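Trainee: Here you go, one structure.
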Amino acid sequence: MATSQHFAAWICGDRLLPEYLWLLFTGAMQPYFDSLTNGSTLRTIGMSIIGGFRIPLPPVSEQVQIVQTARDQTGKIDELMAETARFIELSRERRSALITAAVTGQIDVRGAA
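Take the sequence shown: its position 75, counted from the start at 1, is 76 in this note's numbering, and no numbers get skipped.
Below, the structure written as structure tokens:
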């Protein structure tokens with residue numbers, strides 16, 4: 002279904018999960034889509050090209066597993082990113098405290114050089 006000159010929408014049937022399609026379009030197939038675009042200000046893919054798209058279509062049960070695995074892995078990545086951000090903030094706080102201690106004479110830095 003085309004909704005405007007620069008926007009197309011897919012309507013998924015019984016054999017295609019929207020979440021699976023989203024994963025394909027935002028991940029594995031992105032370089033392929035990029036190679037099909039044209040234009041400099043607004044990169045677009047023509048409707049004739051979109052109409053010829055072929056996507057991998059495993060059984061729905063496998064699509065469910067793929068989506069769930071992606072969610073699980075994304076959750077782990079999100080946790081690691083949050084932990085990394087926390088460690089960065091702690092490092093900044095420690096650095097600031099160390100500088101303050103050095104400037105106020107709480108630690109001796111004369112022999113450090």
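Every residue, glycine too, gets a C-beta built ideally from N, C-alpha and C.
Remember, predicted model here, so these are calculated numbers, not experimental data.
(1) Taking the alpha-carbon positions, what's the residue 36 to residue 90 distance?
(2) Quick one: Cα of residue 112 to Cα of residue 33, how far?
(3) Name the one or two DSSP bridge partners that residue 45 has.
(4) Which whole-angstrom value describes the C-beta separation of residue 56 and residue 25, a residue pair presumed to lie in contact below a C-beta threshold of 8 Å?
(5) Can you give the beta carbon distance from residue 10 to residue 48, rounded, assuming they're within the 8 Å contact cut?
(6) Between the Cα of residue 23 and those of 41, 102 and 58, spot the shortest distance and give me the residue it belongs to.
(7) Taking just the CA atoms, how far does residue 30 sit from residue 54?
(8) For residue 79 and residue 92, I'd like the C-alpha separation in whole angstroms.
(9) Residue 141 to residue 87, Cα distance in whole Å?
(10) Report the three-state DSSP secondary structure of residue 88 (helix, strand or coil).
Mentor: This is what the structure holds:
(1) Counting from one through the sequence shown, the residue named residue 36 turns up at place 35. Counting from one through the sequence shown, the residue named residue 90 turns up at place 89. Distance between the alpha carbons of residue 36 and residue 90 is about 39 Å.
(2) For the purposes of this step, residue 112 is taken as residue 111 along the sequence shown, with counting starting at 1. For the purposes of this step, residue 33 is taken as residue 32 along the sequence shown, with counting starting at 1. Roughly 59 Å between the two C-alpha positions.
(3) Residue 45 sits at position 44 when you count from the first residue of the sequence shown. Bridge partners of residue 45: 39.
(4) Position 55 of the sequence shown holds residue 56. Position 24 of the sequence shown holds residue 25. That pair is a contact at about 6 Å.
(5) Position 9 of the sequence shown, counted from the first residue, corresponds to residue 10. Position 47 of the sequence shown, counted from the first residue, corresponds to residue 48. About 12 Å separates the two Cβ atoms, so there is no contact after all.
(6) By 1-based counting over the sequence shown, the position of residue 23 is 22. For the residues 41, 102 and 58, the minimum Cα distance to residue 23 belongs to 58.
(7) For the purposes of this step, residue 54 is identified with residue 53 of the sequence shown, where counting begins at 1. For the purposes of this step, residue 30 is identified with residue 29 of the sequence shown, where counting begins at 1. Each residue's alpha carbon lies about 11 Å from the other.
(8) As a working note, residue 79 is residue 78 in the sequence shown. As a working note, residue 92 is residue 91 in the sequence shown. Their Cα atoms are separated by approximately 20 Å.
(9) Because residue 141 is not part of the residues shown, which for the chain are 2 to 114, the question remains open.
(10) As a working mapping, residue 88 is identified with position 87 in the sequence shown. If DSSP states are grouped into helix, strand and coil, residue 88 belongs with the helices.
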